[in-house]
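Below: the structure, in structure tokens.
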Amino acid sequence: MAVDIDPQADSSTGLDVPTSTRVDIADVLAAPKSEKILSEAIIPSGWVGDKLGHLDVISGSPRVAEFDRPSLSERYLRRLEDALSRVAKGYRLVLIDCPPSLNGLTRTAWTASNRVAVVTEPSLFSVAAADRALRAADELRQRGTSEIQPLGLVINRVRSGSNEHDYRIGEMREMFGPLVLNPPLAERAVMQQAQGSARPIHSWPGKPAEEVATSFDTLLERALRSENIRSRKDTNQ
Numbered sequence: 001m002a003v004d005i006d007p008q009a010d011s012s013t014g015l016d017v018p019t020s021t022r023v024d025i026a027d028v029l030a031a032p033k034s035e036k037i038l039s040e041a042i043i044p045s046g047w048v049g050d051k052l053g054h055l056d057v058i059s060g061s062p063r064v065a066e067f068d069r070p071s072l073s074e075r076y077l078r079r080l081e082d083a084l085s086r087v088a089k090g091y092r093l094v095l096i097d098c099p100p101s102l103n104g105l106t107r108t109a110w111t112a113s114n115r116v117a118v119v120t121e122p123s124l125f126s127v128a129a130a131d132r133a134l135r136a137a138d139e140l141r142q143r144g145t146s147e148i149q150p151l152g153l154v155i156n157r158v159r160s161g162s163n164e165h166d167y168r169i170g171e172m173r174e175m176f177g178p179l180v181l182n183p184p185l186a187e188r189a190v191m192q193q194a195q196g197s198a199r200p201i202h203s204w205p206g207k208p209a210e211e212v213a214t215s216f217d218t219l220l221e222r223a224l225r226s227e228n229i230r231s232r233k234d235t236n237q
């Protein structure tokens, strides 16, 4: 399942979910104990047609920005955790897409999570931002609000042959060691094409799409192993 807690709702768009749904993540956070609201908020991604349970989504909404205050009480931070605790066992993996800030929504998502994957880019400012994100997650864990641990850094939009990108990737490997996940994700036009069509990269034709899909599969395997979840490849053996 994918939970879009970003007010921009880009993940919902990419997963081919209608831009406006009757019930969304804002309603879930407003009433985290309501089973009726939660069940209505969970809808199938357009990637799988109407097959509920294959790839489900709780869609994002601009209205969720009201929960993005810099400081929220622990009770507020646990709202998403309280809601998801009733359905998470029905899914092999729950991915929560956070806004690009370290305010209330991101901390709410982290409180409900076991692992955090920080998506970054090979640039000076992104290296510093990745460090701040990892420190913020550790601070949340130290306070006892969450048991979250870092999955690692996903380096995105890497340009082949760029000396600057090579240097920044080396800098991140030196700073963060094994937390830098492999492989880095290359900047490919095919990614923009698949996103623009709201289709999974695995369904896009051509060798470049196949290479990007393989990179995502490798990162997914790492995430599953971190929680001792068997992949579909393992279960089919």
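Just so we're aligned: the sequence shown equals residues 1 to 237 in full-length UniProt numbering. For each residue, glycine too, the CB sits at the ideal point set by N, CA and C.
Ranked by Cα distance from residue 49, the first of 26, 16, 164 is 16. C-alpha of residue 221 to C-alpha of residue 228: approximately 10 Å in a straight line. Under the three-state reduction of DSSP, residue 116 is assigned to strand. If you draw a straight line from the Cα of residue 35 to the Cα of residue 87, it is about 10 Å long. 5 is the residue among 28, 152, 5 whose C-alpha sits nearest the C-alpha of residue 100.
For residue 189 against residue 160, the beta-carbon gap comes to about 13 Å, at or over 8 Å, which does not count as contact. Using a Cβ distance threshold of 8 Å, residue 61 and residue 9 count as a contacting pair.
Taking 8 Å as the upper bound for CB-CB distance, residue 115 and residue 226 are in contact here, some 6 Å apart. Contact between residue 169 and residue 183 does not hold, since their C-beta atoms are separated by about 11 Å, which reaches or exceeds 8 Å.
Closest by C-alpha distance to residue 124, out of 199, 223, 155, is 155.
The beta carbons of residue 153 and residue 172 sit closer together than 8 Å. Per DSSP, the continuous alpha helix (DSSP H) segment holding residue 208 begins and ends at 207-226. Boundaries of the alpha helix (DSSP H) around residue 84: 79-84. Going by C-alpha positions, residue 111 is about 12 Å away from residue 136. Rounded to the nearest angstrom, the gap between the Cα atoms of residue 11 and residue 97 is 7 Å.
Assignment of residue 28 by DSSP, reduced to helix, strand and coil, places it in the helix class. If you check the CB distance, residue 105 and residue 68 come in under 8 Å. Take the alpha-carbon of residue 23 and the one of residue 176: they are about 40 Å apart. Residue 158 is bridged by DSSP to 186.
Separation of the CB atoms of residue 158 and residue 122 is rounded to 6 Å, and the pair is thereby assigned contact status at 8 Å.
Going by beta carbons, residue 27 and residue 42 fall outside the 8 Å limit. Closest in C-alpha terms to residue 2, from the list 20, 75, 19, 25, comes 25. The beta-carbon distance between residue 13 and residue 19, rounded to whole angstroms, is 7 Å. This is short enough to meet the 8 Å contact definition.
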